[in-house]
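S.K.:
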Amino acid sequence: MVDLRVNERKTLSALEKSGGKTSVEQLIHESGLPDAAVMRTALTLQEKGLVKVHEEKKTRAKLNDEGKAHAKKGLPERRLLSALKKLRGKASLENVAEEADLEKNSIPIALGWIQKKKWAVLDTKTNTLQVLERAEEGKDERILRLLNEKGQVVVEDLNKEQQEAIQVLKRRKLLNIKGKIKRIFEITDAGLAALRERKEAIEEVTQLTPELIMTRKWQRVKLIKFDVTAPGPSVYPGKMHPLQQIIQRAREIFLELGFTEIRGPLVETAFWNFDALFQPQDHPAREMMDTFYLASPKTGKLPSKNIVNSVASVHENGWVTGSKGWGYDWSHDEAKRLVLRTHTTAETIKYLAEHKKPPIKVFSVDRVYRNEQLTYKNTAEFHQIEGIVVDENVTLRDLMGTMKTFYTKFGLKKTEFWPCYFPYTEPSAQAMVYHPKLKRWIELCGMGIFRPEVTAPMGIKCPVLAWGGGLERLAMIELGLDDIRMLYGNRLEWLRRTPLCQ
Amino acid sequence: MPVITLYKERFSKFVGRKITIEDMTKHLPWIGFDLEEIGEDYVKVEYNPNRIDFCSYAGVARTLKGFMGLEKGLPAYVTKEPETTLIIDKAVANIRPFMLAGVVRNIKFDDDSIVELMEMQEDLHWGIGRDRKKASIGIHNLDVIKPPFKFTAVEPTKAKFVPLGKNEKMDLKEILEKHEKGAAYRHLVDWAPKYPLLIDKDGAVLSMPPIINGELTRVDANTRNLFLDVTGTSYDAVENSLKVLSAALADMGGTIEKVAVKYSDRTVVSPNLNPEKMKLNVNYANRLLGLELSDVETVKCLQKCRMDARKVGKGVLEVSFPAYRIDILHEVDLVEEVGIGYGYNRLKPTIPAAVTVGEQHPTHRLANSTRQIMIGLGLLEVMNFTLTNERLHYKFVRMKPEKTIRLANPVSTEYSIMRQALLPGLLNNLTENKHESFPQRLFEVSDVVKVDKKLEAMCERRLHVAAVSSHSMANFTEVKSLCEALLANLALKNWQIKEARHPTFLEGRSAAVCIKDRCLGVLGEIHPQVLNNFGLENPTAAFEIDLELLMK
């Protein structure tokens, strides 16, 4: 069984309807296909042996100006003969030529042909011409007449005699001749058989329908094969935002490690954001150029007196912790100012004020704010990965191990922990991860053990391992970005194109 | 964070042996420096603001020498007894009450060290002085002035001198008005009837603290003897600045000589470069670091960090640390020194033993269920900032501002308030993506912030979900179907879609989603005026729901 594509079937069937053999023009007309398609299809049909291609030569002949003149007045030898007959069959060449009104240069031609056709003979001694026979119309004259009537003829369509006459006129340079190849298609037996098969398969179907399925008619139709390589229209799935995917991965890792998720307000009092974390009230990080303060509402409320008083004392003189403190007068009003939280540690310390029983393992991956201009490396809003481990005997090494596990699970295998400084942790460190593309160490996370000045006012006795790192930087490594604004630009083109994170 | 650029040739002189770029990049991170930039012949490093003593080549060198084992223990500082007197006039008590001073003799500068001295001064002004408020430094050529010196206060037009960098005399008022430094720091003095002034025996002006020095005492590469003054509003900050500065100048080769500072009620001798002492429990250090160091090993670690210690009891050390280590507040700060001396790179990471059961926050669980349904409905998630502006947030969506949460110090007019709804942000996303193919169906599950005076922070964070569908055939029916599909799959029952008016939506094509009398949110076709405001060309339908109301 031969599989026919739609165009092939149309072409074959048009060929059959045209009597099994026809020209391209006829095929185009009959099939309704564009000419290029017919030619292409016919050639593939030829390759399959379903069609034979005959190439026919068509030679068109047409009189030139001299030919046309001869057709009107008669060939020079005819005119010479007619003149000779008028002069009673015999006359001097001079007289005959004059009688025939022949141009001078035509005389030798006329004389040559009249003798060649044996219509007359020239006595060269006397230079007189003598008629030999009646001289019926010759085949060259007939074709001349035909050409004159039709304007042009196809040489191959003429009979043998006519074709010989054409050759004569051609030699006498009376014709314009142009040759052209014409293709004729002929359906083969195999072609007819293939078409028959088709006819028996009844119907071709593009779209399978419920009707075809339910009526089982699909069994009797031919489902057309598609060009599976042809491009289809694009569709875009609903998806999680790439940054959200990174957030979810970070959350999963901590959940896998047995941490409980916490969530707190975006607007905080300076008390929880700074004071409770032993950041002195004149610390540069608390300045307007780093932290967003609210104009309305402007101030909030402080927690219980117990906590506030011990935090105040820790700042002023170290309270019971043995610390020197910062040595200044702590201000309630400064602590009441409302800020957009600059770190999620504000939530962590609040959690510790309410949960004191070890072991505690909590985390958050959440939104924080810094007073930053929007640039390729900074945004005023971003996410922080935050967590703590509280237990009797946890150590700085445990903190390093926790962070190392986290980054390893993120696929970042090369981690180092360099000494660092934060006002609320001691000892402190920063998690450095080697960026293979940038070929340098980049800082991903600040960490340390909460200072006694931080834990004592909350009534926490155990060491508190704490960390807080940027999520966006991690996301940029993962997503191969060098401009952080891309993460919040919500460019549809990027969102649609970016595959899910693996 | 402050930065210092260490050129290897010059730095080698301070260390006292050849230091390569590799030496620096290998060791400096483990002392607490961040490698900012590595050049052919220099390394640019960031240091932490608590280690203000790293603001000079001398300061970095003396720490590195300890860390590399070239020198160990306390650096010794000899200070000579005072020959110079400074008198503090009572007149400064209400403006800038504290001043301490020191003298440095026989110092040899070159052009590099003058630059370094100026940078050090700026770092101290910032790090300890809080931009000159708490403390500010003046460094003078001692050879052109005559002690005793006097720190006093005078009326703004009663004194004239040539300020540093100028050619002509100006009075104090003119300096505040016309000099660059005067304009920058005038707020520190311009409220007082009299301005602080430091003069010598003959009334020659050394400086007008904390604004500007006099041209008279300019220090250059040929200066050999220095007079240091630190004035300020915090005695501790003044003392600490002087300690760090004197120690650095001593390390640069100067001889430190004390100054007798006479207040009306007492005399103080400064600078005090004697080491400070603090007790350290070895077991405390071991417990926090996860180590089992002996007393002797602990001492060795401290010595690498330029400290010394002696045993004063079982497992108890008395640690002496240099005067410039003003960052040591508590025993725990010494624990970190032990850790750094031991080497953070030698601390093997371990996993905490505690077994705990993790749990996600219920709000985030709900957020994720919502996301899953919205994605299943074929919508694409976007993430917008919670900061926005009134034009976009209220005006464009035809809403009136109500209880707006406004920033006192917005970084730009574009981000000046906290959002109370997600929808304006989503409409803005459509504006930004007008050139992309349609349909465009977007959603966001995120925070909005609303005023709630019952709370400590007066503001409540609430989880919302919002969605938009924008294409030539978008309409109420489509978005109602989406909204109801979400509610049904969040296991909600008995909700009602009620006719409701909302300025953002077309009347007759907007509704409220309610359960009994509680309104969860709104849905409908966006009003054509709103579409025009956002420059949108396609019909758009949307909904927004407060998910907090679904939490049990």
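Listed in order, the protein sequences are those of chains A and B. For the first sequence, my numbering gives the first residue as 139, with consecutive numbering after it. For the second sequence, my numbering gives the first residue as 17, with consecutive numbering after it. Here a beta-carbon is modelled for each residue, glycine too, at the ideal position from N, C-alpha and C.
#1: Can a CB atom of chain A be found closer than 8 Å to the CB of A77 of chain B?
#2: Express the C-alpha separation of F83 of chain B and K34 of chain B in angstroms, rounding to a whole number.
#3: Distance check for L222 of chain B and K162 of chain B, CA to CA, integer angstroms please.
#4: Using a Cβ-Cβ cutoff of less than 6 Å, which residues in the same chain neighbour I523 of chain A once the five nearest sequence positions on both sides are dropped?
#5: Just curious, the beta strand (DSSP E) that S310 of chain B is in, first and last residue?
#6: Would you tell me roughly how many angstroms separate the C-alpha atoms of M624 of chain A and A501 of chain B, rounded to the nearest one?
#7: Ordered along the chain, which non-local residues of its own chain (more than five positions away) have a Cβ less than 6 Å from that of K551 of chain A?
#8: If we define contact as Cβ-Cβ less than 8 Å, is H480 of chain B a contact residue for chain A?
#9: Considering only C-alpha positions, which residue in the set A:G438, A:N516, A:G460, A:M596 is nearest to K495 of chain A?
#10: Could you tell me whether the Cβ atoms of S432 of chain B and N405 of chain B are closer together than 8 Å?
#11: Measuring only the C-alpha atoms, how far is L261 of chain B from P403 of chain A?
#12: Would G248 of chain B be called buried (16 or more neighbouring beta carbons within 10 Å of its own) or exposed?
#13: Which residues does DSSP list as the beta-bridge partners of V373 of chain B?
#14: Any contact of the segment 149–156 of chain B with the segment 226–237 of chain B, i.e. 3+ C-beta pairs under 8 Å?
#15: For L478 of chain A, which residues from the same chain have a beta carbon less than 7 Å from its beta carbon, with the 5 sequence-adjacent residues on both sides left out?
#16: Identify the contact partners of Y93 of chain B in chain A, using a Cβ-Cβ distance below 7 Å as the criterion.
#17: Listing by chain order, which chain B residues have their CB less than 8 Å from the CB of R387 of chain A?
#18: If I'm right that L165 of chain A touches A175 of chain A with Cβ under 8 Å, what's the distance once you round it to whole angstroms?
#19: Under 8 Å, Cβ to Cβ, is there at least one residue of chain A near D437 of chain B?
#20: Given a cut-off of 8 Å, decide if G187 of chain A and A328 of chain A are closer than it, judged by their beta-carbon atoms.
#21: Cβ closer than 7 Å: which chain B residues qualify as neighbours of H379 of chain A?
#22: Could you name the residues of chain B that K439 of chain A contacts, counting a contact when the two beta carbons are closer than 7 Å?
#23: Using DSSP with H/G/I as helix, E/B as strand and the rest coil, what is V235 of chain B?
#24: V532 of chain A to L213 of chain B, Cα distance in whole Å?
#25: Determine the contact status of N202 of chain A and N286 of chain A, defining contact as a CB-CB distance below 8 Å.
#26: What are the complete alpha helix (DSSP H) segments, minimum 4 residues, inside the segment 142–198 of chain A?
#27: Using a Cβ cut-off of 8 Å, pull out every chain B residue sitting near E406 of chain A, in sequence order please.
#28: Whole-angstrom Cβ separation of F401 of chain B and Y626 of chain A, contact assumed at under 8 Å?
#29: In this structure, does DSSP put T79 of chain B in helix, strand or coil?
#30: Using beta carbons (cut-off 8 Å, strictly below), is M14 of chain B in contact with chain A?
#31: What are the residues in the segment 444–474 of chain A lying within 9 Å of chain B by C-beta distance?
#32: So, does the CB of I68 of chain B fall closer than 8 Å to a CB anywhere in chain A?
#33: Take the Cβ of N122 of chain B as the centre, count every other Cβ of all protein chains shown within 10 Å, and call the residue buried at 16 or more, exposed below.
#34: Leaving out the 5 sequence neighbours to the left and right, which residues in its chain are closer than 8 Å to C475 of chain B when beta-carbon positions are compared?
#35: Which residue wins for smallest C-alpha separation from S442 of chain A, given the options A:W410, A:P497, A:G465?
#36: If you draw a straight line from the alpha carbon of V44 of chain B to that of K274 of chain B, how long is it in whole angstroms?
M.R.: Reading off the structure:
#1: The sequence position of residue 77 of chain B within the second sequence is 61, counting from 1. No, A77 of chain B does not count as interfacial toward chain A.
#2: What you label residue 34 of chain B is simply residue 18 of the second sequence in a count that begins at 1. What you label residue 83 of chain B is simply residue 67 of the second sequence in a count that begins at 1. Distance between the alpha carbons of K34 of chain B and F83 of chain B is about 15 Å.
#3: In the second sequence, residue 162 of chain B corresponds to position 146, counting from 1. In the second sequence, residue 222 of chain B corresponds to position 206, counting from 1. Those two C-alpha atoms are separated by around 10 Å.
#4: Walking along the first sequence from the start, residue 523 of chain A turns up at place 385. Contacts found: A388, V503, G607, L609.
#5: The sequence position of residue 310 of chain B within the second sequence is 294, counting from 1. That residue, S310 of chain B, is in no beta strand (DSSP E); it is neither H nor E in DSSP.
#6: On the first sequence, residue 624 of chain A is found 486 positions in, with the first residue counted as 1. On the second sequence, residue 501 of chain B is found 485 positions in, with the first residue counted as 1. C-alpha separation (whole angstroms): 31 Å.
#7: Start at 1 with the first residue of the first sequence, and residue 551 of chain A comes out as number 413. For K551 of chain A, where only same-chain residues beyond five positions count, there are no Cβ hits under 6 Å.
#8: Within the second sequence, the letter at position 464 stands for residue 480 of chain B. Not one chain A Cβ lies under 8 Å of H480 of chain B.
#9: For the purposes of this step, residue 495 of chain A is identified with residue 357 of the first sequence, where counting begins at 1. Of A:G438, A:N516, A:G460, A:M596, the residue nearest in Cα terms is A:M596.
#10: Position 416 of the second sequence, counted from the first residue, corresponds to residue 432 of chain B. Position 389 of the second sequence, counted from the first residue, corresponds to residue 405 of chain B. Against a cut-off of 8 Å, the Cβ pair of N405 of chain B and S432 of chain B comes out as a contact.
#11: Taking the second sequence and counting its residues from 1, the one referred to as residue 261 of chain B is at position 245. Taking the first sequence and counting its residues from 1, the one referred to as residue 403 of chain A is at position 265. C-alpha separation (whole angstroms): 43 Å.
#12: Numbered from its first residue, the second sequence carries residue 248 of chain B at position 232. Buried, since its Cβ has 16 or more Cβ neighbours within 10 Å.
#13: On the second sequence, position 357 is the one that residue 373 of chain B refers to. According to DSSP, which records beta bridges pairwise, V373 of chain B is partnered with nothing at all.
#14: yes
#15: Residue mapping note: residue 478 of chain A aligns to position 340 of the first sequence, counting from 1. Only L404, V405, F430, Y507 meet the Cβ criterion.
#16: Residue 93 of chain B sits at position 77 when you count from the first residue of the second sequence. Within chain A, no residue comes near Y93 of chain B; the closest Cβ sits about 21 Å away, beyond 7 Å.
#17: As a working mapping, residue 387 of chain A is identified with position 249 in the first sequence. Within 8 Å Cβ-Cβ: nothing; R387 of chain A doesn't reach chain B, min ~13 Å.
#18: In the first sequence, the residue the question calls residue 165 of chain A occupies position 27. In the first sequence, the residue the question calls residue 175 of chain A occupies position 37. 10 Å between Cβ atoms; not a contact.
#19: Counting from 1 along the second sequence, the entry for residue 437 of chain B is found at position 421. A quick correction: the sequence has Ala, not Asp, at residue 437 of chain B. Not an interface residue.
#20: Translated into positions along the first sequence, residue 328 of chain A becomes position 190. Translated into positions along the first sequence, residue 187 of chain A becomes position 49. Yes, they are a contact pair.
#21: Within the first sequence, residue 379 of chain A is the residue found at index 241, counting from 1. Within 7 Å Cβ-Cβ: E397, V398, M399.
#22: Counted from its first residue, the first sequence places residue 439 of chain A at position 301. The contacting residues are E472.
#23: The residue labelled residue 235 of chain B in the question sits at position 219 within the second sequence. In the structure shown, V235 of chain B sits in coil (DSSP, three-state: anything other than H, G, I, E or B).
#24: In the first sequence, counting from the first residue as 1, residue 532 of chain A sits at position 394. In the second sequence, counting from the first residue as 1, residue 213 of chain B sits at position 197. Straight-line Cα distance between these residues: approximately 55 Å.
#25: Position 64 of the first sequence, counting from 1, holds the residue named residue 202 of chain A. Position 148 of the first sequence, counting from 1, holds the residue named residue 286 of chain A. No. Outside cutoff.
#26: 144–155, 162–169, 173–185
#27: Within the first sequence, the letter at position 268 stands for residue 406 of chain A. Per Cβ cutoff of 8 Å: A473.
#28: Reading the second sequence from its first residue, position 385 is the one you call residue 401 of chain B. Reading the first sequence from its first residue, position 488 is the one you call residue 626 of chain A. The Cβ separation is near 6 Å, so the contact holds.
#29: Residue numbering aside, residue 79 of chain B sits at position 63 when the second sequence is read from its first letter. Three-state DSSP puts T79 of chain B in a helix.
#30: Residue 14 of chain B cannot be examined here, being either before or after the span of chain B that is shown, 17 to 568.
#31: G456, T459, G460, S461, K462, G463, W464, G465, Y466
#32: Numbered from 1 along the second sequence, position 52 holds the residue referred to as residue 68 of chain B. Answer no: the Cβ-Cβ gap between I68 of chain B and chain A never drops below 8 Å.
#33: Looking up residue 122 of chain B in the second sequence gives position 106. Looking at its Cβ environment, which holds fewer than 16 other Cβ atoms inside 10 Å, N122 of chain B is exposed.
#34: Counting from one through the second sequence, the residue named residue 475 of chain B turns up at place 459. Correct list, in chain order: I421, M434, V465, K466, V467, D468.
#35: Along the first sequence, read from residue 1 onward, the residue named residue 442 of chain A stands at position 304. That would be A:W410, whose Cα lies nearest to the Cα of S442 of chain A.
#36: Walking along the second sequence from the start, residue 44 of chain B turns up at place 28. Walking along the second sequence from the start, residue 274 of chain B turns up at place 258. Correcting the residue identity first, residue 44 of chain B is Leu in this sequence and not Val. Straight-line Cα distance between these residues: approximately 33 Å.
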